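Residue numbers (the numbering used here): 45 to 179. Report on the structure given below.
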């Protein structure tokens, strides 16, 4: 497998490691959007969160909880982002959680500013979506 994150886990590619557990690794992003932009990954390769066993998912988010305090200390505001699958913008097909220090002057804006053609569902469409998601 030619996965850059698996190569980092295996020590084939160096990384600036912030925290490590038996099943997770947190490190500085090599191509940061802001100073302190970090990633938290499972050591085992999974493309999507729902592919992960519950115990590994729990350890991943416990590592996020620990590391976000450190990242948040840089600017007192951190964006937590997960791209879950290629069509969502996931560039590396290995689960990873971005911890991106934010400030009011970073030019990124709120998440709602990312989408230009936002839907305007009717009540009926909302209810149909709700039923699909609850099923």
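Here a beta-carbon is modelled for each residue, glycine too, at the ideal position from N, C-alpha and C. Just so it is clear, the structure is predicted and the values come from calculations on it, not from any experiment.
On the DSSP bridge assignment, give the partners of residue i in chain order.
i: residue 82; result: 72 and 143
i: residue 63; result: 70
i: residue 124; result: 143
Following the continuous alpha helix (DSSP H) through residue i, name the residue where it begins and the one where it ends.
i: residue 155; result: Where residue 155 is concerned, there is no enclosing alpha helix (DSSP H), given that its DSSP letter is neither H nor E.
i: residue 113; result: 98-119
i: residue 176; result: 167-178
Considering only the alpha carbon of each residue, which of the options lies closest to residue i?
i: residue 83; options: 70, 145, 92 and 76; result: 70
i: residue 46; options: 68, 89 and 81; result: 89
i: residue 107; options: 118, 124 and 120; result: 124
i: residue 73; options: 65, 66 and 57; result: 57
i: residue 92; options: 143, 175 and 130; result: 130
Indicate the three-state DSSP secondary structure (helix, strand or coil) for residue i in the structure shown.
i: residue 162; result: coil
i: residue 48; result: helix
i: residue 132; result: helix
i: residue 149; result: coil
i: residue 77; result: coil
Query raised in the report: Between the region 107-121 and the region 160-172, do at least 3 Cβ pairs fall closer than 8 Å?
Result: Contact fails: fewer than three Cβ-Cβ distances are below 8 Å.
Requested in this report: Determine, using beta-carbon pairs with one atom in the region 123-138 and one in the region 96-103, whether at least three such pairs fall under 8 Å.
Outcome: no
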